[in-house]
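If you're matching them up, the sequences are chains A and B in order.
In this text, residue positions in the first sequence follow the numbering used here: the first is 1229, and each later residue adds one.
In this text, residue positions in the second sequence follow the numbering used here: the first is 1229, and each later residue adds one.
For every residue, glycine included, the Cβ atom is placed at its ideal position computed from N, Cα and C.
Just so we're clear, the structure is a prediction, and the values are computed from it rather than from any experiment.
There are 2 protein chains.
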Amino acid sequence: MEVARDIASLQKAVGEARAGGLRVGLVPTMGALHAGHLSLVSEALRATEYVVVSIFVNPTQFGPSEDFDAYPRPEESDLAACNDVGVDLVFAPSVDQVYPGAIATTIHVAGLSDTLCGPHRPGHFDGVATVVAKLFNLVRPDVAFFGRKDAQQLAIIRRMGADLNFPVAVEGCPTVREADGLALSSRNAYLSTDERARAIALHDALAAARDRIRAGTRNAAPLVREMASIVQKSRPTAVDYISAVDPDSLRPIDTIEGPVLLALAVRYGKTRLIDNVLVDPTERG
Amino acid sequence: MEVARDIASLQKAVGEARAGGLRVGLVPTMGALHAGHLSLVSEALRATEYVVVSIFVNPTQFGPSEDFDAYPRPEESDLAACNDVGVDLVFAPSVDQVYPGAIATTIHVAGLSDTLCGPHRPGHFDGVATVVAKLFNLVRPDVAFFGRKDAQQLAIIRRMGADLNFPVAVEGCPTVREADGLALSSRNAYLSTDERARAIALHDALAAARDRIRAGTRNAAPLVREMASIVQKSRPTAVDYISAVDPDSLRPIDTIEGPVLLALAVRYGKTRLIDNVLVDPTERG
């Protein structure tokens, strides 16, 4: 496995792979890799012939009061994990390589960025869309792999890619969960033992609403109320949102007539967790 | 010469050229081609091996009170001109091909978009940056060619390309002028005979200021005043700006210590004209 720390090394290695006719896959990450990331890598290894994992804690997607400095950076174990599963290249640049000076250019995806997590994380999705466009141009992958756990991010990147005609297929991969249902997240490491136990409420709430839909409920309001009730019992520090939305437009749904994304963001102490499930009402539980 | 009306035809043709090892050049235009555009094409033919000219009157870069509907679209003569000089492919898509639905994604280049023409054309440069990113992704040229006549557009595209790591070299090509100095523009066709005669004031003002700098003037304020005085004598309908700015940052310069961009935008009747010269103070006239 090769590790590229600078753009020139990255482009030399990927250019050779591309010149050799290999289909290039990209898994963009901020490191602190867990089984969720590794499932993206597995899918990339299956679907493409030369797999690049980028590890970059992107400063422009953190708000001033967010956890950029505290975000975990266990690089040695991340590289070992990538090497173990057969990644071809890790791109682990410094901030200076990605942002050699102040960046003047911003990509904004209107509508999709302004709902759910958007109002709670001003500028976050602009930072994400912009750095993903940079990575698309730097790596020029055939396919890029993102987790459905970050459903809003996935919708925004799909839309950005389509709107700007990026020649990159965007693949969304299933959320990986702990045995008790908690979605894997690098931020789970911030949780105290007590918070970790309470955080199971996110998945419990989503699963309860999913079961109600499968049992025939089509009115979104009581579903949202039930999810809120389950979450409230876990004594959250704050509930940013609990919503039933269209999976593509992310607009709220009143009556469930097709696939619906149930999504929530809840804080325990200083840790903000998100989770979601995509429910097809035609599937019976 | 091939004419592609849709994205699939474009990408098939360019893909074959690229697979054949040809360096691809792109000249993005809104049609109504004049000798200025053709000088860009000449440079593209010289510097690259497969030249694509795009002809697309991009609706998103026109304001609601601007001339989108009236903008000239002499397609037959544009295609003939491209064919005559040896263009390989013209990409002349419909609006629906480029914008199959409402576009949610916008690229904004802060600072550079907010000065000179920016305040007078809200949203214009976002529309330009976004459609150029789309064209870069659709055509994937090695080099793209833009006129220095649109100096602010060129600075914004250079910055956007660098900030987003687009693998496209951006070439700025010299302004082409009429015998009396008027910069070629598709919008010159809007001028009445009287307005056409008065419009020479743009170049006269720039030339006078350039000569002053070459003669030793280093204080920008009197230069701007002299340019304004020359323009005022031409009885303009409005003067949007007359400025001496840094060619890269487009920030106003007080004391000229290096290359300076003298730029102005002036209206005669309903026609808005822009022009500029880049002056190196170390060159003597």
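Cβ shell of residue i (< 7 angstroms), same chain only, five flanking positions each side left out
i: I1458/A; result: A1429, D1432, A1433 and A1436
i: G1525/A; result: Outside the shown range of chain A (1229 to 1513) lies residue 1525/A, about which nothing can therefore be said.
i: A1417/A; result: P1300
i: V1323/A; result: P1287
i: G1346/A; result: F1353
i: D1476/B; result: A1383
Per DSSP, cross-strand counterpart(s) of residue i
i: S1225/A; result: With chain A covering 1229 to 1513 only, the question about residue 1225/A has no answer from this structure.
i: A1361/B; result: Answer is none; A1361/B lacks a bridge partner.
i: T1333/A; result: V1337/B
i: P1480/B; result: V1473/B
i: G1486/A; result: Answer is none; G1486/A lacks a bridge partner.
i: G1400/B; result: F1374/B
i: V1280/B; result: L1254/B and L1317/B
i: V1505/A; result: L1490/A
i: T1499/B; result: Y1496/B
i: E1230/A; result: L1317/A
i: R1405/A; result: A1411/A
i: N1393/B; result: Answer by DSSP bridge pairing: none, since N1393/B is not bridged.
i: A1466/A; result: R1495/A
i: N1447/B; result: T1483/B
Beta-carbon proximity of residue i to residue j, cut-off 7 angstroms
i: I1235/A; j: Q1325/A; result: yes
i: V1356/A; j: Q1381/A; result: yes
i: F1284/A; j: F1290/A; result: no
i: V1359/A; j: A1397/A; result: no
i: P1450/A; j: V1494/A; result: no
i: Q1384/A; j: F1364/A; result: A small fix is needed here, since residue 1384/A is Ile in this sequence, not Gln. Their beta carbons are not under 7 angstroms apart, which means I1384/A does not touch F1364/A by this criterion.
i: V1252/A; j: P1350/A; result: no
i: D1306/A; j: L1266/A; result: no
i: I1484/B; j: R1446/B; result: yes
i: G1486/A; j: A1332/B; result: no
i: E1423/B; j: G1497/B; result: yes
i: S1237/A; j: P1256/A; result: no
i: R1438/A; j: T1499/A; result: no
Residue i to residue j span [Cα, whole Å]
i: V1367/A; j: A1232/A; result: 12 angstroms
i: G1259/A; j: R1246/A; result: 25 angstroms
i: F1373/A; j: E1271/A; result: 8 angstroms
i: A1263/B; j: E1406/B; result: 10 angstroms
i: L1501/B; j: S1293/B; result: 16 angstroms
i: E1244/A; j: N1286/A; result: 27 angstroms
i: L1268/A; j: E1303/B; result: 48 angstroms
i: K1377/B; j: F1394/B; result: 23 angstroms
i: L1392/B; j: Q1460/A; result: 43 angstroms
i: G1249/A; j: V1473/A; result: 41 angstroms
i: N1311/B; j: E1230/B; result: 9 angstroms
i: G1444/B; j: R1479/B; result: 22 angstroms
i: I1335/B; j: A1361/B; result: 8 angstroms
i: L1410/A; j: R1426/A; result: 10 angstroms
i: A1456/A; j: R1440/A; result: 14 angstroms
i: G1408/B; j: S1420/B; result: Contrary to the premise, residue 1408/B reads as Asp rather than Gly in this sequence. So the two alpha carbons sit approximately 16 angstroms from each other.
i: V1242/A; j: A1309/B; result: 39 angstroms
i: A1320/A; j: L1273/A; result: 19 angstroms
i: L1412/B; j: A1298/A; result: 56 angstroms
i: R1442/A; j: Y1327/B; result: 37 angstroms
i: V1452/A; j: S1341/B; result: 43 angstroms
Close Cβ partners of residue i (< 6 angstroms) along its chain, the five nearest in sequence each way excluded
i: H1348/B; result: D1468
i: T1343/A; result: L1478
i: L1254/A; result: V1280, V1367, P1369 and A1372
i: A1466/A; result: R1495
i: V1337/A; result: A1357, I1384, R1387 and M1388
i: S1462/A; result: R1426 and A1429
Beta-carbon contacts of residue i that lie in its chain and below 8 angstroms, excluding the five residues immediately before and after
i: Q1239/B; result: L1366
i: E1454/B; result: A1433, A1436, A1437 and R1440
i: A1448/B; result: A1472, P1480, I1481, D1482, T1483, I1484 and V1488
i: E1511/A; result: R1442
* Is the number of C-beta pairs between the segment 1308 to 1317 of chain B and the segment 1269 to 1288 of chain B that are closer than 8 angstroms three or more? -> yes
* **the segment 1485 to 1494 of chain A in contact with the segment 1502 to 1510 of chain A per 3-pair CB rule at 8 angstroms** => yes
* Asked: Do three or more CB pairs link the segment 1384 to 1392 of chain B to the segment 1401 to 1416 of chain B at distances below 8 angstroms?
  -> no
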